[in-house]
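Here is the structure we will look at, set down as structure tokens.
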Amino acid sequence: MIYFLGFLVLVLIIVLVSRTMFHSRKKSGDMNYDNIDFPIDEAAHRLSEAIQFETISKQNPDDFQGDEFTRMHAFLKREYPLLHENLKREIINHYSLLFTWQGSNQDLKPMMLTCHLDVVPVEPGTEADWDHPPFQGKITDTHIYGRGTMDVQSGVMGILEAVENLLQRGFKPERTIYLGFGHDEEIDGEFGAQEIARILKDRGVELEFLLDEGLPVVEQLFTGIKSPVALVAIAEKGYLSLELTCLANGGHSSVPQGITAIAQLSNAIRKLEENQMPAKVDKLVKNSLVGMIPGLSYPFRFIFANIWFFQLALKKILTGRPETDATLRTTTATTIFESGLKENVIPTMARAVVNFRLHPNDTVDDVIRHVERTINDPNISINKLYGFINPSEISSPENKNYKILVNSIRQVFPGVSVSPSLMVGATDARHYSELTSNIYRFFPLRANQDDLDRVHGTNERILISNYKEIIQFYARFILNSASLQPIRKIDNSSIFFAELRAKKFKRENKKTAVAV
Ligand SMILES: [Zn+2]
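With the numbering used here, letter number 234 in the sequence shown gets 891, and the count goes up by one each step, no holes.
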């Protein structure tokens, strides 16, 4: 018996170790690939100018300043002449932009790159906390400062820089490329991205894939990970707000009658918060963890390579941190509670709003059923508020589009791990779901925790060297996705392709030498 147990333990160790080795081997794919080069100073200056347009999305539509967008359109037209000459530009709903770069091969489905033109406001009272005014576009030795440098003028401008650069090199795509820039992503994208998507759908467009802004290249994601991790969101959480109301006897506070509406509703909310929807270490989470393995040190590498064995422990660790917990379940957050007007009057009504971010495993109906069951109180009425949306479909982390994306990331960011992930916030990408099932949300911004706090916050800024990588990434991604044989179609003056041609020449000469 002892021998048998010993044998089982031995088999187990062999399985665990060999899985670790297998996943470690899948690693790098790092390619020693020269990236497209260009003067970054000029591009940085253009980004700085773009930051100076106050294209702010404000909650109150009366405060909207459309002329800032119109002026920005004119600026883009001036700064990117080749792009405006070669691509069709359409202005959608006055302020959003849709560009079409016609491909030569109509058999290939088009691809689409999206970002948004609008930015969030600066929180009143925090202006003085900025090292440089938020709409000045200050360039320092290392950074460009300003609202939108991270979210996401650097994405809009990065895409346009890449396209202009490729056009200068004579590149012509085989696959048609759409560029979509909505003007109201920060307030739901109803008039921008949603309208662009509707127009494309009416034209019968079916996309091969779409890449929207999304998760960044995170440095020091957690202890134990040595390399940065490029997080590619292959799904996006859904959104639901439920209004809970409770009616009860009111009256003078000197003669209370029974349990107040406030107490009943508080009780209901307590039940909801204490009974969160279940967390699961599902396939999406597993794929995400496996993607990080190449950058891990031991013992994390060993654990992540054997999730099946360490599942319970991993779940405990992941649910212990709010950021990772939110990727495992539908979250519950009470955001509004209202009741009572006067200190000596018992209110007849209490009202609360609970906001849920839905995991792809759950639907809006699932959440409502869970809430009804958990509260289980006929005195509480539950009402679904406008603006709910089910979670997105999960795009494949295995098909050729995803692989091209991963390769493009590795070519520009050698040594990073690439991990398919879940977007816990909302992006414009959800509006395009009827055009393709291959939707990826990734933005090549390098960010550690300090940087992430600057998004929508104070002192938003980007490293100039990172902005160069952003432009290189979009150029590389377009080359990799939109052309089957880029080498034949490139202008002779291109440094990058000159190098490829040199390699080809070398290969051919070698062949000749052998033949001789
Ligand atoms: Zn954004």
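For every residue, glycine included, the Cβ atom is placed at its ideal position computed from N, Cα and C.
- Taking one beta carbon from each stretch, the region 699 to 718 and the region 791 to 802 have 3 or more pairs nearer than 8 Å; the two touch.
- One alpha carbon belongs to Ala1104, the other to Pro1077, and they sit about 17 Å apart.
- Here Glu900 is bridged, per DSSP, to Val1010 and Asn1040.
- Across the structure, His800 and Pro956 are spaced so that their CA atoms are roughly 36 Å apart.
- Taking 7 Å as the cut-off, one finds at least one heavy atom of ligand 1 near enough to the beta carbon of Val809.
- For Glu870, no alpha helix (DSSP H) encloses it; the enclosing beta strand (DSSP E) starts and ends at Phe866 to Val875.
- No residue range can be given for Ile882, since it is assigned to no beta strand (DSSP E) and is classified by DSSP as neither H nor E.
- Considering only Asn1064, Pro1048 and Ser1049, the residue with the shortest C-alpha distance to Glu1055 is Asn1064.
- With fewer than 16 other CB atoms across the displayed protein chains lying within 10 angstroms of its CB, Val1002 is exposed.
- Note: Met814 is not bridge-paired with any residue in the DSSP secondary-structure output.
- In this structure Glu870 is not in contact with Arg1087, their Cβ atoms being roughly 13 Å apart against a cut-off of 8 Å.
- Pro1077: member of the beta strand (DSSP E) spanning Ser1074 to Met1080, first to last residue.
- With respect to the C-alpha of Gly1114, the residue from Pro781, Lys928, Leu823 and Gly1044 having the closest C-alpha is Pro781.
- Contact between Arg1026 and Glu900 is absent: CB atoms are separated by about 17 Å, not below the 8 Å threshold.
- Look at His773: its beta carbon is less than 7 Å from one of the heavy atoms in ligand 1.
- Arg855 and Ser910 have their C-alpha atoms some 55 Å from each other.
- Per DSSP, reduced to three states, the secondary structure at Ile834 is strand.
- In the DSSP assignment, Tyr1089 falls outside any beta strand (DSSP E), carrying neither H nor E.
- Of the other Cβ atoms in all chains shown, 16 or more fall within 10 Å of the Cβ of Glu1126; this residue is therefore buried.
- Boundaries of the beta strand (DSSP E) harbouring Ala1104: Ile1096 to Ala1104, taken from the DSSP string.
- Inter-residue distance for His773 and Ala850 is about 8 Å (C-alpha atoms, whole angstroms).
- The C-beta distance from Thr987 to Val1024 rounds to 6 Å, short enough to fall under 8 Å.
- Secondary structure at Trp787: coil, using DSSP grouped into helix, strand and coil.
- The DSSP-derived three-state label of His1027 is helix.
- Beta-bridge analysis with DSSP links Thr988 to Arg1014.
- Here the alpha carbons of Ile1037 and Gly915 stand approximately 16 Å from one another.
- Per DSSP, the beta-bridge partners of Ala890 are Ser1078 and Arg1098.
- Within 10 angstroms of the beta-carbon of Asn963 lie 16 or more other beta-carbons, which makes it buried.
- Burial state of Thr880 is exposed, judged by a 10 Å Cβ sphere holding fewer than 16 other Cβ atoms.
- Counting only unbroken stretches of 4 or more residues, the alpha helix (DSSP H) elements lying wholly within the region 926 to 960 are 940 to 949, in sequence order.
- Of Lys715, Arg826, Phe726 and Ile1121, the smallest CA-CA separation from Val777 is found for Lys715.
- Contact between Arg826 and Asn762 does not hold, since their C-beta atoms are separated by about 19 Å, which reaches or exceeds 8 Å.
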